[in-house]
Amino acid sequence: MSLSHFDERSGAVPCKTPWGSWWQTVGEVFVHVQVPKGTRGKNVSVEIKPRHITCTVHGKTLFSGNLHRTVVADESTWTIEEQERILILLVKSEPAHSEKVWGSLLEGQYAPDPYVMHEMMKKLDLEKFQIENPGFVF
Numbered sequence: 000m001s002l003s004h005f006d007e008r009s010g011a012v013p014c015k016t017p018w019g020s021w022w023q024t025v026g027e028v029f030v031h032v033q034v035p036k037g038t039r040g041k042n043v044s045v046e047i048k049p050r051h052i053t054c055t056v057h058g059k060t061l062f063s064g065n066l067h068r069t070v071v072a073d074e075s076t077w078t079i080e081e082q083e084r085i086l087i088l089l090v091k092s093e094p095a096h097s098e099k100v101w102g103s104l105l106e107g108q109y110a111p112d113p114y115v116m117h118e119m120m121k122k123l124d125l126e127k128f129q130i131e132n133p134g135f136v137f
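Residue numbers (numbering that gives the first Met the number 0): 0 to 137.
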């Protein structure tokens with residue numbers, strides 16, 4: 000099973016971008032990048048640093064910039080799924096119980112519209128409640 004189905008199972012709220020989308024949970028940020036069919040790992044470069052990310056495919060930089068918040072670079076990773084999409088997992092450096100929500104993927108770029116942001120906040124509030132109340136049946 001590919002990780003790209005995570006958003007469907009969890010009810011994630013994606014923020015659309017020119018190259019794909021991104022969404023967040025209380026502990027991670029997921030970045031979904033559409034790439035040409037047949038793209039292989041050797042055609043991709045994803046550089047993840049605590050405050051910066053760059054994604055290059057076939058020598059073309061799709062996005063690059065300072066992340067909205069800090070990530071744990073050593074625990075963050077990426078993969079190519081079915082040679083047509085890249086899934087990047089960024090591990091948030093703030094604890095899961097933190098009230099800090101990413102208002103955009105990069106500083107000043109790829110911010111959700113107000114409706115999507117509202118839906119993201121609702122989803123994150125529910126996820127926090129589930130973490131704090133593990134025996135509660137939904």
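By construction, the Cβ of each residue, glycine as well, lies at the ideal position given by its N, Cα and C atoms.
DSSP three-state assignment for residue i, whether helix, strand or coil
i	result
Glu126	helix
Val115	helix
Lys99	coil
Glu80	strand
His4	For His4, the predicted model reports a pLDDT of 44, less than 50, meaning its position is unreliable; a value from the coordinates is still stated below. If DSSP states are grouped into helix, strand and coil, His4 belongs with the helices.
For residue i: DSSP bridge partner residues
i	result
Phe29	Trp22 and Leu88
His51	Lys48 and Asn65
Val70	Lys91
Val43	Val56
Leu105	Leu66 and Gln108
Met15	Going by the sequence as given, residue 15 is Lys instead of Met. Beta-bridge pairing links Lys15 to Ser20.
Host beta strand (DSSP E) of residue i (start-end)
i	result
Thr38	Element bounds for Thr38: n/a, residue is neither H nor E.
Rounded distance between the beta-carbons of residue j and residue i, thought under 8 Å
i	j	result
Leu89	Ser75	5 Å
His31	Leu86	6 Å
Trp18	Leu61	5 Å
Val45	Trp77	4 Å
Val70	Val34	That belief does not hold up - the Cβ atoms of Val70 and Val34 are roughly 22 Å apart, past 8 Å.
Residue-chain proximity (residue i, chain D), Cβ-Cβ < 9 Å
i	result
Ile79	Here chain D cannot be found, since the structure has a single protein chain.
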